[in-house]
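Working notes, structure below.
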Amino acid sequence: MPVLTTDAESETGIPKSLSNEPPSETMEEIEHTCPQPRLTLTAPAPFADETSCQCQAPHEKLTIAQARLGTPVDRPVRVYADGIFDLFHSGHARALMQAKTLFPNSYLLVGVCSDDLTHKFKGFTVMNEAERYEALRHCRYVDEVIRDAPWTLTPEFLEKHKIDFVAHDDIPYSSAGSDDVYKHIKEAGMFVPTQRTEGISTSDIITRIVRDYDVYARRNLQRGYTAKELNVSFINEKKYRFQNQVDKMKEKVKNVEERSKEFVNRVEEKSHDLIQKWEEKSREFIGNFLELFGPDGAWKQMFQERSSRMLQALSPKQSPPKTWALHGGFQ
Numbered sequence: 001m002p003v004l005t006t007d008a009e010s011e012t013g014i015p016k017s018l019s020n021e022p023p024s025e026t027m028e029e030i031e032h033t034c035p036q037p038r039l040t041l042t043a044p045a046p047f048a049d050e051t052s053c054q055c056q057a058p059h060e061k062l063t064i065a066q067a068r069l070g071t072p073v074d075r076p077v078r079v080y081a082d083g084i085f086d087l088f089h090s091g092h093a094r095a096l097m098q099a100k101t102l103f104p105n106s107y108l109l110v111g112v113c114s115d116d117l118t119h120k121f122k123g124f125t126v127m128n129e130a131e132r133y134e135a136l137r138h139c140r141y142v143d144e145v146i147r148d149a150p151w152t153l154t155p156e157f158l159e160k161h162k163i164d165f166v167a168h169d170d171i172p173y174s175s176a177g178s179d180d181v182y183k184h185i186k187e188a189g190m191f192v193p194t195q196r197t198e199g200i201s202t203s204d205i206i207t208r209i210v211r212d213y214d215v216y217a218r219r220n221l222q223r224g225y226t227a228k229e230l231n232v233s234f235i236n237e238k239k240y241r242f243q244n245q246v247d248k249m250k251e252k253v254k255n256v257e258e259r260s261k262e263f264v265n266r267v268e269e270k271s272h273d274l275i276q277k278w279e280e281k282s283r284e285f286i287g288n289f290l291e292l293f294g295p296d297g298a299w300k301q302m303f304q305e306r307s308s309r310m311l312q313a314l315s316p317k318q319s320p321p322k323t324w325a326l327h328g329g330f331q
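1 is the number of the first residue of the sequence shown in full-length UniProt numbering; add one for each residue after it.
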C-alpha cells in the first residue's frame, strides 16, 4: 500500500511522520521490510544494534484507533517500553505483556537504561547493565532490546527506531527539570498507558532483604560465602556463626523432642491396647468365676448334690411301722 511521509515537525517537536497529524506529501510506493514479531521462543530477543530496522519505506503514523482495529499497513505496530528492570520480576513481565498485547499485531521494543544513566538519575542497582539486558532478552513478550536507552525520549530516537507508540504506566514520572518525562509523548498522542502490578516492585524486594539482613547473611555464611564477600565485620561474622550453632543445637533438641514424643505416643498406644485386652480378660475371668463360685454357681450345686448323697449314705434305714392284728395284737 502507498505510504506517506513529510519532513515537517509538529508543535511537540516530534516529526509529523511519527505523530498523529496527517501527512501532506505523497511518496512513491516502497515495500516495508520492518522486522516481524518473534515466532519462536527458542532463542533470546536480539539487540537493536544487531538487527536495527533498515526499512527504507517512509514510516506512516497510525492512530491508536487504527492500530486497535488491526494494522492497516503491511508492517507491525512498533511499541516501545523502557525502564531499569533491576531484579526482573513478575511486575515487569506483566507490564511488558500488556505492552505486547495492546494491538493485534505489535512489535515490542524494550529500552534499558545503562548503569551510568541509572546511577545518576535514580540510584544504584543490584544487577549491572549486562545482567539487566540479558533478563529482558529472555522475556517471551520482548521482540527487541535497546541497550543504553535514553532517560528522556527525543524525536531523533523515536524516528531512528520508527516507534509508533510508547507504553508505560500513567503515573507522572518526574526527572531533573521535568515533572513528567512522557509529557511530550502524551501530547503527541503516542502514549498508551499500562497498569502497574500492586504488591511487587524492585524496591519491595530490596526492602525485604534489608529487613531480614541478618537471616540472609547467616544463610550465605552457611553456604560457604566468606565474611569479606558479604561485607560482614569480624564481630558480626562470629555472632552469626554462633547463632547458627545455637540454631543447630535447637534443631537437634527439637528432633529429640519429636522422636521422644513419637516414642511416648507409641507407648501410650501399646498401653491402651494392653489395658483394653486386660479389661476384656478380667471381665471374662470374673464371669467364669461367678459362674463357678457364685450364689447360684455350678460349684454350689455340685456341693449340695454331693452333700445330699453323703447324708443319705450315712443315715440308717428306718424299719416299717408296726400294725395291730385283728386277733392277735401287735405284729
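Glycine included, C-beta positions come from ideal geometry on N, C-alpha and C.
*Counting only the same chain and skipping the five closest in sequence on each side, list residues whose C-beta sits under 6 Å from that of residue 314.*
Within the sequence shown, the letter at position 314 stands for residue 314. Close CB contacts of residue 314 within its chain, under the 6 Å cut and outside five residues either way in sequence, are absent.
*Residue range of the alpha helix (DSSP H) that includes residue 90*: For the purposes of this step, residue 90 is taken as residue 90 along the sequence shown, with counting starting at 1. Per DSSP, residue 90 is one residue of the alpha helix (DSSP H) stretching across 90-100.
*Quick one: what's residue 111 bridged to in DSSP?*
By one-based count along the sequence shown, residue 111 stands at place 111. DSSP output for residue 111 lists 82, 146 as bridge partner(s).
*Does DSSP classify residue 76 as helix, strand or coil?*
Along the sequence shown, read from residue 1 onward, the residue named residue 76 stands at position 76. Residue 76 falls in the coil class under three-state DSSP.
*asked:* Please return the same chain residues whose Cβ sits closer than 8 Å to the Cβ of residue 232, not counting the five positions on each side in sequence.
replied: The sequence position of residue 232 within the sequence shown is 232, counting from 1. Around residue 232: 217, 221, 240.
*Is it true that the segment 177-196 meets the segment 128-136, where meeting means three or more beta-carbon pairs spaced less than 8 Å apart?*
The segment 177-196 is not in contact with the segment 128-136.
*Exposure label - residue 404; buried when at least 16 CB within 10 Å*: Because the chain is modelled from 1 through 331, residue 404 falls outside the range shown and cannot be assessed.
*Three-state secondary structure (DSSP) at residue 155?*
Counted from its first residue, the sequence shown places residue 155 at position 155. Helix, per DSSP.
*Using a threshold of 8 Å, state whether the C-beta atoms of residue 146 and residue 111 are closer than that.*
Looking up residue 146 in the sequence shown gives position 146. Looking up residue 111 in the sequence shown gives position 111. At a Cβ-Cβ threshold of 8 Å, residue 146 and residue 111 count as neighbours.
_Just to confirm the assignment, what range does the alpha helix (DSSP H) spanning residue 202 have?_
Position 202 of the sequence shown, counted from the start, is the residue given in the question as residue 202. Start and end: 202-211.
*Are residue 125 and residue 86 close, meaning C-beta to C-beta below 8 Å?*
For the purposes of this step, residue 125 is taken as residue 125 along the sequence shown, with counting starting at 1. For the purposes of this step, residue 86 is taken as residue 86 along the sequence shown, with counting starting at 1. Yes, they are a contact pair.
*Residue interval of the alpha helix (DSSP H) (run including residue 167)*: Within the sequence shown, residue 167 is the residue found at index 167, counting from 1. Not the alpha helix (DSSP H): residue 167 falls in the beta strand (DSSP E), residues 165-169.
*asked:* Check this for me: beta carbons of residue 207 and residue 94, under 8 Å apart or not?
replied: Here the question's residue 207 lines up with position 207 in the sequence shown. Here the question's residue 94 lines up with position 94 in the sequence shown. For residue 207 and residue 94, no; Cβs fall outside 8 Å.
*Name the DSSP bridge partner or partners of residue 191?*
Stepping through the sequence shown from its first residue, residue 191 is reached at position 191. In the DSSP output, where bridge partners are listed per residue, residue 191 has 166.
*Since I believe residue 38 is in contact with residue 163 (beta carbons under 8 Å), could you give me their beta-carbon distance rounded to a whole number of angstroms?*
Numbered from 1 along the sequence shown, position 163 holds the residue referred to as residue 163. Numbered from 1 along the sequence shown, position 38 holds the residue referred to as residue 38. Residue 163 to residue 38, Cβ: 18 Å. No contact.
*Based on Cα-Cα distance, which residue from 89, 121, 68, 116 lies nearest to residue 100?*
Counted from its first residue, the sequence shown places residue 100 at position 100. The shortest C-alpha separation from residue 100 is found at 68.
*Can you tell me whether DSSP reads residue 312 as helix, strand or coil?*
Counting from 1 along the sequence shown, the entry for residue 312 is found at position 312. Residue 312: helix per DSSP, three-state reduction.
_Proximal residues to residue 263 (C-beta, below 7 Å), its chain only, five neighbours per side dropped_ = As a position in the sequence shown, residue 263 is number 263, starting the count at 1. Answer for residue 263: no residue qualifies.
*How about residue 142 and residue 45: do their beta carbons lie closer than 8 Å?*
What you label residue 142 is simply residue 142 of the sequence shown in a count that begins at 1. What you label residue 45 is simply residue 45 of the sequence shown in a count that begins at 1. With a cutoff of 8 Å on beta-carbon distance, residue 142 and residue 45 are scored as near each other.
*DSSP state of residue 175, grouped into three classes?*
Against the sequence shown, residue 175 aligns to sequence position 175. Strand, per DSSP.
*Whole runs of the alpha helix (DSSP H) within the segment 208-271, excluding any shorter than 4 residues*: 213-222, 227-230
*Do you know how far the Cα of residue 229 is from the Cα of residue 334?*
Nothing can be reported for residue 334: it is not among the residues displayed for the chain, which extend from 1 to 331.
_In DSSP terms, what residue 106 is bridged to_ = In the sequence shown, residue 106 corresponds to position 106, counting from 1. Residue 106 is bridged by DSSP to 77.
*asked:* For residue 80 and residue 254, I'd like the C-alpha separation in whole angstroms.
replied: Your numbering for residue 80 matches position 80 in the sequence shown. Your numbering for residue 254 matches position 254 in the sequence shown. Rounded to the nearest angstrom, the two C-alpha atoms are 56 Å apart.
*In terms of residues, what are the limits of the alpha helix (DSSP H) holding residue 335?*
Outside the shown range of the chain (1 to 331) lies residue 335, about which nothing can therefore be said.
*Straight-line CA distance for residue 49 to residue 227?*
Position 49 of the sequence shown holds residue 49. Position 227 of the sequence shown holds residue 227. Cα-Cα distance, rounded: 41 Å.
*Reference residue 140; option with closest CA among 108, 223, 184, 249*: Working through the sequence shown from its first residue, we reach residue 140 at position 140. Considering only alpha carbons, the answer is 108.
*Look at the Cβ atom of residue 151, then the Cβ atom of residue 96, and state whether they are nearer than 8 Å.*
For the purposes of this step, residue 151 is taken as residue 151 along the sequence shown, with counting starting at 1. For the purposes of this step, residue 96 is taken as residue 96 along the sequence shown, with counting starting at 1. No; because the gap between Cβ atoms is not below 8 Å, this pair is not in contact.
*Could you check what DSSP says for residue 346 in three-state terms: helix, strand or coil?*
Any answer about residue 346 is impossible in this case: the structure gives the chain only from 1 up to 331.
*What do you reckon, are the CB atoms on residue 35 and residue 144 nearer than 8 Å?*
Numbered from its first residue, the sequence shown carries residue 35 at position 35. Numbered from its first residue, the sequence shown carries residue 144 at position 144. Taking C-beta atoms as the reference points, residue 35 and residue 144 count as a pair closer than 8 Å.
*Alpha carbon of residue 274 to alpha carbon of residue 268, nearest angstrom*: Taking the first residue of the sequence shown as position 1, residue 274 is located at position 274. Taking the first residue of the sequence shown as position 1, residue 268 is located at position 268. Their Cα atoms are separated by approximately 10 Å.
*When you compare only the Cα positions, how much space is there between residue 47 and residue 234?*
One-based indexing of the sequence shown puts residue 47 at position 47. One-based indexing of the sequence shown puts residue 234 at position 234. Cα-Cα distance, rounded: 44 Å.
*Mind checking residue 43: buried by the 16 CB within 10 Å criterion, or exposed?*
Numbered from 1 along the sequence shown, position 43 holds the residue referred to as residue 43. Result: exposed.
*asked:* Below 8 Å on the Cβ atoms is my contact criterion, and I expect residue 185 with residue 136 to pass it. Report the Cβ-Cβ distance as a whole number of Å.
replied: Residue mapping note: residue 185 aligns to position 185 of the sequence shown, counting from 1. Residue mapping note: residue 136 aligns to position 136 of the sequence shown, counting from 1. Not confirmed; about 21 Å, so no contact.
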